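Read the structure below first, then the notes.
2 protein chains.
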Amino acid sequence: MRELEERILKDGRVLPGEVLKVDGFLNHQVDPDLMFAMGTEFAHLFQDAGVTKILTVESSGIAPAVMAGLAMHVPVVFARKHKSVTLIDDLYTAEVYSYTKKTSNHISIAKKFLQADDQVLLIDDFLANGQAVQGMFEICDKAHVKIAGVGIVIEKVFQTGHQLIADRGVRLESLAQITSFDGDRVHFASEDTQA
Amino acid sequence: MRELEERILKDGRVLPGEVLKVDGFLNHQVDPDLMFAMGTEFAHLFQDAGVTKILTVESSGIAPAVMAGLAMHVPVVFARKHKSVTLIDDLYTAEVYSYTKKTSNHISIAKKFLQADDQVLLIDDFLANGQAVQGMFEICDKAHVKIAGVGIVIEKVFQTGHQLIADRGVRLESLAQITSFDGDRVHFASEDTQA
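If you read the protein sequences in the order shown, they are chains A and B. Letter 177 of the first sequence, counting from 1, is numbered 177 in the UniProt record's numbering, and no numbers are missing. Letter 30 of the second sequence, counting from 1, is numbered 30 in the UniProt record's numbering, and no numbers are missing.
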């Protein structure tokens, strides 16, 4: 998505450890008009996927997910993060390891919000090692729902998350695919196709 | 806002301790179309307030705040919650006590996202004792920005948050004002004006 790539080049900052900081428009300060454009793009990409519900993880996934939900007119459920989980009778839970923070969290959603006939689109702001997506897969499996696809705002294709989703045979659409960092420069997969 | 009140009556559940559970459309599962209608209503209510930025607190405030931001075409910043705060040089922080959870959290936002000429609209999903709003007031004061108003999705007018905002002389607009719970029945301020 050209508009997003341009914004990353303009406002993103590359930090040591191949971390891209985009807190100016995506995950701390949010640009709602850009989010809406992204939601519309997700709706377009998954228009034939029979999506009945969108699932994401708090907090950074919420803005892109609700905009996709607005464009697709389907409900959005955001999984809650906890240090630990108690009283889990009414919850589907999964453990998610964060490579950035080097800690484990549990994510959970109330069972009543996933029905067996749901076709669920998973949305998240970043795809790196795919731990959050894997946690959402686990929750979907426990709920016996069909996964309609995975929609990612910014994907680092050189990390392991991409393969994890491919191995599962689930369709992945990322609005910006970063192939490499070169010092503080960001390279996108779209550069190759444009060349 | 009639549509919101009807949804509360249909899907809300009153729990002991005057807690209204609305996890079916507001703070766990989200109805994006209703959120957009609410965002449009906030934009209408504050159209003459000169709003340059919206501030909210993760996670439940994000969906209504980004929809208001979409309708007003202004950026949205969501404050992060932490158990404790370290490395605060670049952050504005405030302590927020939760009466529901009986714990204190710190909220923070990066200093660079509040400029002295900003006129900030504070948005949150619930107003009860007003602790989150008070935390946002504190952050705005530290940043020397003007507070353009407070927009709340569901207000419990019989708790102390309403007065806290009135005492500060800040304009408050709530899309649903709950005056009392009567067993599992919810009463709105609009019932009085309609009578």
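Using N, Cα and C, we set each Cβ at its ideal position, and we do this for glycine too. Small disclaimer: the values here were computed from a predicted structure and weren't measured.
Within 8 Å of any Cβ in chain B, is that where the Cβ of P16 of chain A sits? Sequence index remark: in the first sequence, residue 16 of chain A carries index 16 (1-based). By this cut-off, P16 of chain A is not an interface position.
What is the DSSP secondary structure of K101 of chain B, reduced to helix, strand or coil? Looking up residue 101 of chain B in the second sequence gives position 101. It is coil, neither helix nor strand.
Measuring straight from C-alpha to C-alpha, what distance separates F158 of chain A and A166 of chain A? The residue given as residue 158 of chain A occupies position 158 in the first sequence. The residue given as residue 166 of chain A occupies position 166 in the first sequence. Rounded to whole angstroms, F158 of chain A to A166 of chain A spans 13 Å at the Cα level.
According to DSSP, which residues form a beta bridge with I107 of chain B? Sequence index remark: in the second sequence, residue 107 of chain B carries index 107 (1-based). For I107 of chain B, the pairing in a beta bridge is given by DSSP as B:K81, B:A94.
Contact set for T40 of chain A: own chain, Cβ-Cβ below 6 Å, skip 5 residues either direction: One-based indexing of the first sequence puts residue 40 of chain A at position 40. Excluding the 5 residues flanking it on each side, T40 of chain A has same chain C-beta neighbours closer than 6 Å at A71, in chain order.
Report the neighbours of A110 of chain B on chain A: residues whose CB is nearer than 7 Å to its CB, in chain order. Reading the second sequence from its first residue, position 110 is the one you call residue 110 of chain B. Going along chain A in sequence order, the residues near A110 of chain B (Cβ under 7 Å) are D23, H28.
Taking only the alpha-carbon atoms, compute the straight-line gap between D125 of chain A and D192 of chain B and give it to the nearest angstrom. The residue labelled residue 125 of chain A in the question sits at position 125 within the first sequence. The residue labelled residue 192 of chain B in the question sits at position 192 within the second sequence. For the pair D125 of chain A and D192 of chain B, the Cα-to-Cα distance works out to about 44 Å.
Between B:A128, B:K10, B:L26, B:Q134, which lies nearest to S108 of chain B when the distance is taken from Cα to Cα? Walking along the second sequence from the start, residue 108 of chain B turns up at place 108. Of B:A128, B:K10, B:L26, B:Q134, the smallest CA-CA separation from S108 of chain B is found for B:Q134.
Is the Cβ of H44 of chain A closer than 8 Å to any Cβ of chain B? Stepping through the first sequence from its first residue, residue 44 of chain A is reached at position 44. By the rule that beta-carbons nearer than 8 Å mark a contact, H44 of chain A does not touch chain B.
Just mark K102 of chain B as buried or exposed, buried being the case when its beta carbon has 16 or more other beta carbons within 10 Å. Residue numbering aside, residue 102 of chain B sits at position 102 when the second sequence is read from its first letter. It counts as exposed.
Are the C-beta of M35 of chain A and some C-beta of chain B separated by less than 8 Å? Counting from 1 along the first sequence, the entry for residue 35 of chain A is found at position 35. Cβ-Cβ to chain B under 8 Å: yes for M35 of chain A.
8 Å is my cut-off, CB to CB: does L122 of chain B come that close to chain A? Residue numbering aside, residue 122 of chain B sits at position 122 when the second sequence is read from its first letter. No, because no Cβ of chain A sits closer than 8 Å to the Cβ of L122 of chain B.
If I152 of chain A and S174 of chain A are in contact, beta carbons under 8 Å, what's the gap, nearest whole angstrom? Your numbering for residue 152 of chain A matches position 152 in the first sequence. Your numbering for residue 174 of chain A matches position 174 in the first sequence. Between I152 of chain A and S174 of chain A the beta-carbon gap is near 4 Å, inside 8 Å, which marks them as a contact.
Check the Cβ of D31 of chain A against every Cβ in chain B and list those closer than 7 Å, keeping chain order. On the first sequence, position 31 is the one that residue 31 of chain A refers to. Within chain B, the residues near D31 of chain A are P75.
If the criterion is Cβ atoms closer than 8 Å, does the pair I123 of chain A and A79 of chain A meet it? Against the first sequence, residue 123 of chain A aligns to sequence position 123. Against the first sequence, residue 79 of chain A aligns to sequence position 79. Cβ atoms of I123 of chain A and A79 of chain A: not closer than 8 Å.
For S98 of chain A, would you say it is in contact with chain B, using Cβ-to-Cβ distances shorter than 8 Å as the test? Residue numbering aside, residue 98 of chain A sits at position 98 when the first sequence is read from its first letter. Closer than 8 Å: no.
Within 10 angstroms of its Cβ, does E5 of chain B collect 16 or more other Cβ (buried), or is it exposed? Your numbering for residue 5 of chain B matches position 5 in the second sequence. So E5 of chain B counts as buried.
Cα-Cα separation, Y92 of chain B to N105 of chain B: Walking along the second sequence from the start, residue 92 of chain B turns up at place 92. Walking along the second sequence from the start, residue 105 of chain B turns up at place 105. Roughly 14 Å separates the two Cα atoms.
Own chain residues within Cβ distance below 7 Å of D90 of chain A, not counting five before or after: Counting from one through the first sequence, the residue named residue 90 of chain A turns up at place 90. Correct list, in chain order: A110, K111.
Would V150 of chain A and I8 of chain A be called neighbours here (beta carbons separated by less than 8 Å)? For the purposes of this step, residue 150 of chain A is taken as residue 150 along the first sequence, with counting starting at 1. For the purposes of this step, residue 8 of chain A is taken as residue 8 along the first sequence, with counting starting at 1. No. Outside cutoff.
State the beta-bridge partners of R185 of chain B as determined by DSSP. The sequence position of residue 185 of chain B within the second sequence is 185, counting from 1. When DSSP reads this structure, R185 of chain B sits in a beta bridge with B:D182.
Does the Cβ-Cβ distance between D141 of chain A and K53 of chain A come in under 8 Å? The residue you call residue 141 of chain A lines up with position 141 of the first sequence. The residue you call residue 53 of chain A lines up with position 53 of the first sequence. Taking 8 Å as the Cβ cut-off, D141 of chain A and K53 of chain A do not qualify as a contacting pair.
Could you check if P32 of chain A is buried or exposed, using at least 16 other CB atoms within 10 Å of its CB as the buried criterion? Within the first sequence, numbered from 1, the residue matching residue 32 of chain A stands at position 32. Its Cβ being crowded by 16 or more others within 10 Å, P32 of chain A is buried.
8 Å Cβ cut-off: residues of chain A touching S174 of chain B: What you label residue 174 of chain B is simply residue 174 of the second sequence in a count that begins at 1. Chain A residues near S174 of chain B: none, gap ~21 Å exceeds 8 Å.
Measure the CB-CB distance between V96 of chain B and A132 of chain B and report whether it falls below 8 Å. In the second sequence, the residue the question calls residue 96 of chain B occupies position 96. In the second sequence, the residue the question calls residue 132 of chain B occupies position 132. Yes, the pair counts as a contact, with Cβ atoms nearer than the cut-off.
So what's S190 of chain B in DSSP terms, helix, strand or just coil? Stepping through the second sequence from its first residue, residue 190 of chain B is reached at position 190. Assignment of S190 of chain B by DSSP, reduced to helix, strand and coil, places it in the helix class.
Determine, for S190 of chain A, whether the minimum Cβ-Cβ distance to residues of chain B falls below 8 Å. Within the first sequence, numbered from 1, the residue matching residue 190 of chain A stands at position 190. False, the Cβ-Cβ gap to chain B never drops below 8 Å.
Would you say S59 of chain A lies against chain B (beta-carbon separation less than 8 Å)? Taking the first residue of the first sequence as 1, we reach residue 59 of chain A at position 59. Closer than 8 Å: yes.
For E58 of chain B, three-class secondary structure by DSSP: Here residue 58 of chain B refers to the residue found at position 58 of the second sequence. DSSP places E58 of chain B outside both helix and strand once states are collapsed to three, so it counts as coil.
To the nearest angstrom, how far is the alpha carbon of V76 of chain B from that of L34 of chain B? Residue mapping note: residue 76 of chain B aligns to position 76 of the second sequence, counting from 1. Residue mapping note: residue 34 of chain B aligns to position 34 of the second sequence, counting from 1. The C-alpha of L34 of chain B is placed about 19 Å away from the C-alpha of V76 of chain B.
Cβ-based contacts, 7 Å cut-off: residues of the segment 1-14 of chain B near chain A: Interface annotation for the segment 1-14 of chain B against chain A: empty, criterion Cβ-Cβ distance under 7 Å.
Alpha-carbon to alpha-carbon, R168 of chain B and A189 of chain B: Residue 189 of chain B sits at position 189 when you count from the first residue of the second sequence. Residue 168 of chain B sits at position 168 when you count from the first residue of the second sequence. Cα-Cα distance, rounded: 22 Å.
Give the straight-line distance between the Cα atoms of K156 of chain B and V22 of chain A, rounded to the nearest whole angstrom. Numbered from its first residue, the second sequence carries residue 156 of chain B at position 156. Numbered from its first residue, the first sequence carries residue 22 of chain A at position 22. A direct Cα-Cα distance of roughly 36 Å separates K156 of chain B from V22 of chain A.
Comparing C-alpha positions only, which one of B:F25, B:Q115, B:A143 sits nearest to R13 of chain B? Along the second sequence, read from residue 1 onward, the residue named residue 13 of chain B stands at position 13. When B:F25, B:Q115, B:A143 are compared, the shortest CA-CA separation from R13 of chain B is found for B:F25.
Of all the CB atoms in chain B, is at least one closer than 8 Å to the CB of L70 of chain A? As a first step, residue 70 of chain A must be located in the first sequence, where it is residue number 70. Among the CB atoms of chain B, one or more fall inside 8 Å of the CB of L70 of chain A.
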